[in-house]
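K.L.:
Quick note on our numbering: the sequence shown kicks off at 4 and runs consecutively.
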Amino acid sequence: MARLLGTLRSSQPVARFQRSCGLFPASDEGGGSGSGSDPAEGPRERGPSNTDSLGFGRKSKLRCGGACRERGGCVGKGCTQKYIVKNYFYYYLFKFSAALGEEIFYITFLPFTYWNIDHSVSRRMIIVWSIVMYIGQVSKDILKWPRPLSPPVVKLEMRTNAEYGMPSTHAMAATAISFSFFIATTNQYKYPLELGLVAAFVFSTLVCLSRLYTGMHTVLDVIGGALISAVLLVLLYPAWDTIDHLLLTSPFCPLFSIVVPLVLCYNYPKLDYYSPTRGDTTTILGAAAGATVGFWLNNQYATPAYTSKSFQPGFVLITSTMVFVLARSFVGIFVVLLTRWVMKSMVLGLLGYRYKFPICDLEARRRLEVEVPYKFVTYSSIGFMATVIVPLLHELLGLM
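1. Let's see if you can read the secondary structure: which residues bound the alpha helix (DSSP H) around F112?
2. Using the C-alpha atoms, what's the distance from V262 back to L230?
3. In whole angstroms, give me the CA-to-CA distance for F397 and N119.
4. Suppose the cutoff is 8 Å on Cβ atoms and the five residues either side in sequence are ignored; what does the same chain contact list for Y3 look like?
5. Could you give the distance in angstroms between the alpha-carbon of A291 and the alpha-carbon of I129?
6. H173: buried (16+ other C-beta within 10 angstroms of its C-beta) or exposed?
7. Roughly how many angstroms lie between the CA atoms of E106 and S125, to the nearest whole one?
8. How about T280 and D144: are their beta carbons less than 9 Å apart?
9. In the DSSP assignment, find the beta strand (DSSP E) that holds L215 and state where it starts and stops.
10. Do T217 and L159 count as a contact pair if the criterion is CB distance below 9 Å?
11. Using 10 angstroms around the beta-carbon of E374, count the other beta-carbons present and answer buried if the total reaches 16, otherwise exposed.
12. Using the C-alpha atoms, what's the distance from S384 back to K359?
13. By how many angstroms is the C-alpha of M346 removed from the C-alpha of F327?
14. Under 9 Å between the Cβ atoms of V210 and L103?
15. Suppose only complete runs of 4+ residues qualify. What are the alpha helix (DSSP H) ranges in the stretch 338 to 384, listed by chain order?
16. Rounding to the nearest angstrom, what Cα-Cα distance links Q191 and Q140 in this structure?
17. Name the residue from I226, R214, F182 whose alpha carbon lies nearest to the alpha carbon of L200.
18. Under a three-way DSSP split, which group does G143 fall into?
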């Protein structure tokens, strides 16, 4: 068992998976066939040329630096890794799948379920997502397991390379969102159980495999993330209705939803260097806090509700229902993005005035007293706008 875990934690299976999908280091001429070495071992130096023998362009990425080695990254400030793509189907498939675990997906899909599917489904997904992601982010900085080594692994991302690896929060979020959506909708809609299960499995699998393809996680990181998320889902499921009832009816809900996440963010595990995990955690908890306050407020004052009549699973048809769905989504996403821009500028401006730093100063924005309030206020405002103001705007525009 120890040997198996050691293999799953190593970089070699990741490198082999990348080679099997047509992704090679630039110095691995012809994928290693020219040198006669095992492609999974990767290059020891980076080649300078711009095209490979088959004429495919080499992508230049990953200017990383500062304490990269212990997390499995490239070494040295400004270092650059080049790679060869020989199968663009897998390249774009897994790049897209990786984006399903990023902010752009959360900020569109989670509100979409609230505006177009059902309030109860959205509430459950957001609560599960925030709990799972907080546990995953904190676990990374407590365990401090390094990411795959490069070489032999090709790394396609830079920002997340500044974080530790275990567990994969992409895998955790994908498992939590897909299966909580499946579980919540089985009681709300009539559709084949097998279809929903397969869809949830395919979604989470694609995101998990994308973390191997992009070189961001070992196999054990991904398996561990998916298993932790599955266990948390099993533990949270019996309490779904109780948590939902408390969120909607308890007079302490707004205070609890703001104070607890703020305390968790300000007491996030400290590291010897800057990592985006604290900022990402603040973003997630802030969005969930704003949304839960919105849920409570909607229940108290009976604001417009979207029911199962708003959306019916099945073949996508160009009907009046689909037009309303698209219109609600367009209006809602516009308001969300506008809120993000306005609040980010305003909060950073106020903090810059308070702590005497220019808004463009990235180092200052990473300080605890700046990063936490800036991100928490910005994203809690987004959560509140998405759940309270956008539905009112939909009603005003006749989009209900």
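Glycine included, each C-beta is placed from N, C-alpha and C at the ideal position.
P.N.:
The answer reads as follows:
1. Working through the sequence shown from its first residue, we reach residue 112 at position 109. Going by DSSP, F112 is part of the alpha helix (DSSP H) stretching over 106 to 119.
2. Locating residue 230 in the sequence shown gives position 227, counting from the first residue. Locating residue 262 in the sequence shown gives position 259, counting from the first residue. Roughly 30 Å separates the two Cα atoms.
3. Numbered from 1 along the sequence shown, position 394 holds the residue referred to as residue 397. Numbered from 1 along the sequence shown, position 116 holds the residue referred to as residue 119. The question names Phe, yet the displayed sequence has His at residue 397. Looking at the two C-alpha atoms, the distance is approximately 11 Å.
4. Not covered by the structure: residue 3. The range shown for the chain is 4 to 403.
5. Translated into positions along the sequence shown, residue 291 becomes position 288. Translated into positions along the sequence shown, residue 129 becomes position 126. A291 and I129: Cα-Cα distance of roughly 6 Å.
6. Position 170 of the sequence shown, counting from 1, holds the residue named residue 173. A residue is called buried when at least 16 other Cβ atoms come within 10 angstroms of its Cβ; H173 meets this threshold and is buried.
7. Taking the first residue of the sequence shown as position 1, residue 106 is located at position 103. Taking the first residue of the sequence shown as position 1, residue 125 is located at position 122. Each residue's Cα considered, the two are about 17 Å apart.
8. As a first step, residue 280 is located in the sequence shown; it is residue number 277 there, counting from the start. As a first step, residue 144 is located in the sequence shown; it is residue number 141 there, counting from the start. Yes, Cβ-Cβ distance for T280 and D144 is below 9 Å.
9. Taking the first residue of the sequence shown as 1, we reach residue 215 at position 212. That residue, L215, is in no beta strand (DSSP E); its alpha helix (DSSP H) goes 196 to 216.
10. Residue 159 sits at position 156 when you count from the first residue of the sequence shown. Residue 217 sits at position 214 when you count from the first residue of the sequence shown. Yes, these two residues count as a Cβ contact at 9 Å.
11. Locating residue 374 in the sequence shown gives position 371, counting from the first residue. Counting Cβ neighbours within 10 Å, E374 comes out buried, since at least 16 surround it.
12. Residue numbering aside, residue 359 sits at position 356 when the sequence shown is read from its first letter. Residue numbering aside, residue 384 sits at position 381 when the sequence shown is read from its first letter. Roughly 24 Å between the two C-alpha positions.
13. Reading the sequence shown from its first residue, position 324 is the one you call residue 327. Reading the sequence shown from its first residue, position 343 is the one you call residue 346. The alpha-carbon atoms of F327 and M346 are separated by roughly 28 Å.
14. Against the sequence shown, residue 210 aligns to sequence position 207. Against the sequence shown, residue 103 aligns to sequence position 100. Result yes, Cβ atoms of V210 and L103 sit closer than 9 Å.
15. Entirely contained in the stretch 338 to 384, the alpha helix (DSSP H) runs reaching 4 residues are, in chain order, 365 to 368.
16. To locate residue 191, count along the sequence shown from 1; it is residue 188. To locate residue 140, count along the sequence shown from 1; it is residue 137. Q191 and Q140: Cα-Cα distance of roughly 31 Å.
17. Here residue 200 refers to the residue found at position 197 when the sequence shown is read from its first residue. Selected option, being the one with the closest Cα: F182.
18. Taking the first residue of the sequence shown as 1, we reach residue 143 at position 140. Contrary to the premise, residue 143 reads as Lys rather than Gly in this sequence. Reduced to three states, the DSSP call for K143 is helix.
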